[in-house]
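Participant:
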């Protein structure tokens, strides 16, 4: 079952803003990596303690602090304290299963999304919650596990390719979201492949598992849709927000990623329509098969039951049955029987059951 | 049947604002408890008469007056008179079966919601109407029965944990709603467990009761949805209301509980989709089974009916049937019969009915 | 059929504003009753001619003129002329089958609704169009037949119970609408009872009439919904209208009756969902029954058709059939037959058809 | 098929504003009639050439120029040139198959609607496009064929009945639309009659044609709905338009015709619901019939197949079958057979198949 | 499968604004044609290098630069650089599979649409992305392949027919969109023809392929709808945009093409309804056929199975069966048998199965 909401009852009764990690522990140790750059310089390191991130708050360079793993609550808490993040936001970050949303505080903007990473080795999709805090010259991102969809972006930063090194922290935050949305298209493709495969199965010899598969794919697409739909509002929220943190020349890029989310939603809806149509086809296929089975039964039964009756008549042991003595009675009966069968066959042909 | 509206016809014809309790009498005696606190002090007592609540209206501390049981109309009436509550509001409190709503009077804000308390011993869900009146430094809450979802909140007040002791009456009202919404998640979990269980039944050997169960769960979820949907408007109403009763730093918390209601609604809709999909699967399973039954019948009938006919032929008593005299006729007929059966079996194999 | 629109073609081609009664003549003679009151005094009489109403237009007391029966067009016309009502409004009053609506003229406010009066003796619901004209100190109401849902209100006016005697004509108009909405709840209850009864039928032994009954109830609920939905707009229109005819302290009451209409709509929608679910259950019940019928047929046929074939074999009259001479052949055949039957029974048990 | 859009591809590639008649040629010769009136005078004539209309543009009386037949493009073109109509508007007039719409030019207002004229002799409905140009003191109307729904209106103008002679060109335009909407009610009635008739067929002995008929009626209602829905916007557009061409005291009348269109839409939606419900009833009726057929088959086969088997047993020719020699064996077998049949009949009665 | 989105994963990971052609390479070589005109002059040529287009940017005449083929990225890039087009726009042009949209930059307006070109020789529809850049006195259009729907427009420009030579670049851009929308009507007609053909198949002897065909057509119509729906917003965006690039007298034309898109959407929705209704008819046809098959089987089996039983009785070999000795027993049995058959036939006639 597509379980959208984890066991959140663990939290019921706690004070709002209580920091407790809700979700599976999916990584051994929290990993913190720092990428620090401006147009000229670039630095990248993995740090051991949270405190090592703090100096970067003040520098004029753009700093991307990435945290993999959410179960070490005190790490998140320290970052929250130093960067002055509201406890309810920290709670949202820790409490996986949030709906994508965007909130504007004066000092920072908070964005929460779902990241879908397709892993080609295992042919599975890893879903995780991805939270971003965009400050004046830093971006802090929180992931549930290490391994993400940002390797290409990291390469662009390292090599100074594209615009990212020339632009500010807001562009970095945009680039993160853009990478996530780009990976939605990979998912769509997998869905599309699966749909084609199911269509072939349907056209060939559908099994009852086929319907179950269509049904499951439909559920997964509903799941995807639930993640993308609010993302649309998040991005249009970013476009409209009046904050010094988002510079004017970002709006063009936001509009672009907005268009992409609309495209994803469009595809998802098309896929849903396709799958609904396929369910209808499957069900009518079942009915058609039943019809065929019934026709075969009816033809056999309707032809042979009357003939068996006739044979039964002359199998009776009455002493006075004049037909039994007649020499040509037996072949005559065969003629009668074949005529009956012939008439019935013509009748069924007319009805196009044969 | 999920009966959303109690026998309200008892009331038809009465003047608007007439105080009469509509609903079952669910508790023996009305119980009034008072919790009074500020950051420094804390007091808690159960009072015998309504009048004992009145002094707390004037104190500067935050007072939470909780009333369990609505059938003693005069208690409600006295409170209404002393705290200056409009008769129509009192009518709403007494008349269980209201839709969640929020109304802003200048002196107080009135909120009505549905509380779902899961009782693990009996594995049932108790629904009751929960009304809150938020005044300048007091909160009056009305419940149908004693026993609620606020024990954890009471502990936080008693022990001074969390923010609640440091903040005003508006935070207390928020905390009450937050507790209610948190308990919706427990319900969602129960639904999710039930859905999983039903899915297993479906995948195994579904009975006709399974469909009835899916149907019932769907009705209950509709019921839940009807309670949560208007709650969304209530909370967004609280966010927007311009009242001195709601301080500015509450908005962050209201937005948080608003997000939670959206999550509940999202889950509820996902569950509805899931259950609809399960009904489709059930029905197609019924069709598939019918198909299988028909195939078995058709195979048996189509093979043996022609053979029985052949046997019937040579059971006839005609005097002149040359085949009967032939020595190898009997084994020859067996050969013919087995060939016919063989051809039919091949035919059915080709059709993949075997 | 739930006929929402009467034979309005009688009117096609007439000039707009032509006064002609469209609808059945449902009462013998138009009856005019006048209730006149203020906080101190109260008078009530039935008048013979329209002219007797006219003096009340000028008095400072609140006057309620109620007209039962719409077919005496000249009565309506005279009232219209004296009270200065627009001809199109008079047309709407006479032309039953209107959609509930509210219109604000400066001198008066015009409201049209549907009144559902449940008559317990005959267990039927009488629907009629109810129009109200609210002037500065008078209310004129138009009903199709005598007999309405206002007796309790009349008693309250006579006895000075409730607020009605202390308040103005606007409160009277409100009280009329409130009475109508209160009676919708009685209807909802009847629906709810009927649904429960149908659910029991469904759980027991549903007939094909059951489906027809569900279907009919669904149509009636659609009919109810069509009447209540626009009423919602009517009342919210009254809340928003800026007219001296509606005093400020009425808004509280309007909001209350607005909440009630929302509740009615909520119930109606819940009932529609319930009935749709019941139709699905009914249909799947039909499929399940068919399955059971088919299983019985298949079991009988599949067991006995092969056995009959075997019996047919040894009923043949070939001269050379060695088995017929063997002493233990007959009991041996019985053993074979019972084994075949046993194997098939095990097979059907495995398939859980037995 | 309800073809909403005529072969418009004839036009693809032409310059916008090219005047070409798209639609069937439905009348032999274009007919132009002029009705000219004020409160005092009245004149009516049929003119041979377009030019005869031109003088009426300047008179102070209200002039209604009606054109029947759209295929003589030059007639339309000349009118367009003289009355200063935009070529795109002329294109819309000629190009039948437009969606109802309203456009405000400063000099004139352009309205396009669908007219449904029921012809009782042939029991068919004639659909045509009806365009109106409302100028300062003239109305030009364009119809596809002669014969329309305005005869009653013409009589009112001729005889000076109603308000029409006392009011301006705007009232005339309103009166035309009002006549069209009034005739929608006649159509609704025909639909309602047809639905009742189909309901009776359903309750009696539905044929497979019944479903086809329901389906066709549903399509026609969709067609009607497509025409009425935009008309609603047209009229509310006229209400809101700020043009000297529409005087203030018309708004009351526009609101009235607006209410009528809402009523039409309401009915149409009710009819759609009814027809959908009827399709469900039909389909479940098919299932119920199948069930009944299957029950009859199952009862016959299940009772007689075992009995035939028993008869087959004692029809075998084994030499050593002790039962055959027993005197009372034959009647005993009858007893056994009747018992078996009795048990099965009881079994089927219990299952309520009998 | 209607694949709305091409393999866009090729792009995932690239910097936003990276120019890479996403889509099939559908033409051998990029072709650039220039049409340059004002009211007096006209020139048309195919150029070999991009640079030849650049001088036209400055001329006062209207210039239409059309590019067929998108895979030569450097051509697009050079144009972008010279005409100062934003890289993200260039990316959209190259990345086929965009949703129709309109964006207003100060220097130019960017429009993206889907072009459907029906090719009568092959009876197929070619879909391609069509992008337009509208500058102050030039229009640049980008197509995936050569061959388009603008030949009639080109002729009008060449011959100076219609308004196009007298008006500016904005009119040219409008005329391009208008041509595209005009061709949607051709598609609609093809759909309509196909629907009629499928309706005939349905009324005649539907095969299981018929359902597949209906299903496929429905998918194609969904595809069309997805392209037209956003086009509506594009055009209403153009109407509302406040840009010096769009002159005031264009608004009339934009409103006209807007009406056409609404008509297309209306048709598309009607077709969807029609096809859904046809699927229902098909499925109920399958059920009706099954019913007929079952009736035939039931009639044959129910009549002959009891008769065969009777024949079986008198085929038994009991020594003491008094009936066998009776002279008239055999004809008497025939009478009994015919009576049984007669009774059953009457029974089936009553049930209207015969």
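Residue numbers (the working numbering), protein chains in the order written: chain A, 9 to 362; chain B, 9 to 362; chain C, 9 to 362; chain D, 9 to 362; chain E, 9 to 362. In this text, a Cβ means the ideal position worked out from N, Cα and C, and glycines have one as well. Quick caveat, the model's predicted, so the values are computed rather than measured.
Measure from the C-beta of residue 320 of chain C to each C-beta in chain B and report whether the shortest distance is under 8 Å.
Facilitator: Chain B, which has a Cβ nearer than 8 Å to the Cβ of residue 320 of chain C, makes this yes.
Participant: With distances taken between CB atoms, is the gap from residue 96 of chain E to residue 25 of chain E smaller than 8 Å?
Facilitator: Contact: yes.
Participant: Could you name the residues that DSSP lists as bridge partners for residue 134 of chain C?
Facilitator: DSSP lists C/125 as partners of residue 134 of chain C.
Participant: For a cutoff of 8 Å on Cβ pairs, would you count residue 173 of chain A as touching chain E?
Facilitator: Taking Cβ atoms only, chain E never reaches closer than 8 Å to residue 173 of chain A, which makes this a no.
Participant: Within the continuous beta strand (DSSP E) that includes residue 151 of chain C, where are the two ends?
Facilitator: Its beta strand (DSSP E) spans residues 146-151.
Participant: Just tell me which of E/153, E/111, E/215 and E/236 has its CA closest to the CA of residue 249 of chain E.
Facilitator: Here the closest residue by C-alpha is E/111.
Participant: Chain C beta carbons: is any one of them nearer than 8 Å to that of residue 286 of chain B?
Facilitator: So, not an interface residue.
Participant: So which of D/43, D/284, D/300 and D/301 has the shortest CA-CA distance to residue 162 of chain D?
Facilitator: That would be D/43, whose Cα lies nearest to the Cα of residue 162 of chain D.
Participant: Taking 8 Å as the threshold, find out whether the region 276-296 of chain C comes into contact with the region 207-220 of chain C through three or more Cβ pairs.
Facilitator: These segments touch.
Participant: Residue 25 of chain C by DSSP, collapsed to three states: which one?
Facilitator: Residue 25 of chain C: coil per DSSP, three-state reduction.
Participant: Within the same chain, show all residues whose beta-carbon is closer than 7 Å to that of residue 157 of chain A, passing over the 5 residues directly before and after it, in chain order.
Facilitator: The residues are 123, 125, 187, 188 and 191.
Participant: Starting from the Cα of residue 195 of chain A, find the closest Cα among A/133, A/153, A/73 and A/218 and give me that residue.
Facilitator: Of the candidates A/133, A/153, A/73 and A/218, the one whose C-alpha sits nearest the C-alpha of residue 195 of chain A is A/133.
Participant: How many Å lie between residue 177 of chain E and residue 243 of chain D at the Cα?
Facilitator: Looking at the two C-alpha atoms, the distance is approximately 36 Å.
Participant: Check whether the Cβ atoms of residue 94 of chain C and residue 175 of chain D lie closer than 8 Å to each other.
Facilitator: Taking 8 Å as the Cβ cut-off, residue 94 of chain C and residue 175 of chain D do not qualify as a contacting pair.
Participant: If I measure Cβ to Cβ from residue 272 of chain A and keep anything under 6 Å in the same chain, skipping five residues before and after, which residues do I get?
Facilitator: Here the set comprises 192 and 236.
Participant: Against chain B, which members of the region 220-233 of chain A pass a CB distance test of less than 9 Å?
Facilitator: From the region 220-233 of chain A, only 220, 223, 226, 227, 230 and 231 have a Cβ closer than 9 Å to chain B.
Participant: Whose Cβ in chain B lies nearer than 8 Å to the Cβ of residue 298 of chain A?
Facilitator: Ordered by position in chain B, the residues that pass the 8 Å Cβ test against residue 298 of chain A are 295, 298, 299 and 302.
Participant: Taking a Cβ distance cut-off of 8 Å, strictly less, list which residues of the region 194-224 of chain B are near chain C, in chain order.
Facilitator: Residues passing the 8 Å Cβ filter: 213, 216, 219, 220 and 223.
Participant: What in chain C is Cβ-close to residue 164 of chain D, meaning under 8 Å?
Facilitator: Those are 23, listed as they occur along chain C.
Participant: Which residues share a DSSP beta bridge with residue 110 of chain D?
Facilitator: For residue 110 of chain D, which the question treats as bridged, DSSP gives the partners D/119.
Participant: Please confirm whether residue 234 of chain C and residue 267 of chain D have their CB atoms less than 8 Å apart.
Facilitator: For residue 234 of chain C and residue 267 of chain D, no; Cβs fall outside 8 Å.
Participant: Do residue 308 of chain B and residue 313 of chain C count as a contact pair if the criterion is CB distance below 8 Å?
Facilitator: The answer is yes: Cβ separation under 8 Å.
Participant: Would the beta-carbon of residue 179 of chain E fall within 8 Å of that of residue 171 of chain E?
Facilitator: It is a contact, given that the beta carbons lie within the stated cut-off.
Participant: Looking at the secondary structure, which residues open and close the beta strand (DSSP E) in which residue 81 of chain D lies?
Facilitator: Not the beta strand (DSSP E): residue 81 of chain D falls in the alpha helix (DSSP H), residues 81-91.
Participant: With a cut-off of 8 Å, does the C-beta of residue 122 of chain B fall near any C-beta of chain C?
Facilitator: By this cut-off, residue 122 of chain B is not an interface position.
Participant: Residue 155 of chain B: which of B/76, B/331 and B/145 sits nearest, CA to CA?
Facilitator: Nearest C-alpha to residue 155 of chain B: B/76.
Participant: What's the call for residue 214 of chain B, buried or exposed, on a 16-neighbour Cβ count within 10 Å?
Facilitator: Answer is buried; the Cβ neighbour count reaches 16.
Participant: Is any beta-carbon of chain G found at less than 8 Å from that of residue 292 of chain D?
Facilitator: Protein chains A, B, C, D and E are contained in the structure displayed, whereas chain G is not.
Participant: Tell me where the alpha helix (DSSP H) around residue 198 of chain B begins and ends.
Facilitator: Element bounds for residue 198 of chain B: 177-211.
Participant: Under a Cβ-count criterion, where at least 16 other Cβ atoms within 10 Å of its own Cβ denotes burial, should residue 16 of chain C be classed as buried or exposed?
Facilitator: With a pLDDT of 43 at residue 16 of chain C, under the threshold of 50, the modelled position of this residue cannot be trusted, and the question is left open.
Participant: Using the beta-carbon of each residue, which ones in chain A are nearer than 9 Å to residue 327 of chain B?
Facilitator: Those within 9 Å of residue 327 of chain B in chain A are 332, 333, 334, 335, 337 and 338.
Participant: With DSSP run on the structure shown, which of helix, strand or coil describes residue 71 of chain A?
Facilitator: In the structure shown, residue 71 of chain A sits in a strand (DSSP, three-state: E or B).
Participant: Looking at C-alpha atoms only, which residue of A/101, A/31 and A/226 is the closest neighbour of residue 200 of chain A?
Facilitator: For the residues A/101, A/31 and A/226, the minimum Cα distance to residue 200 of chain A belongs to A/226.
Participant: For residue 359 of chain A and residue 349 of chain D, what's the separation of their Cα atoms in angstroms?
Facilitator: Cα to Cα, the separation comes out at about 35 Å.
Participant: State yes or no: is the beta carbon of residue 345 of chain C nearer than 8 Å to at least one beta carbon in chain B?
Facilitator: Chain B, which has no Cβ nearer than 8 Å to the Cβ of residue 345 of chain C, makes this no.
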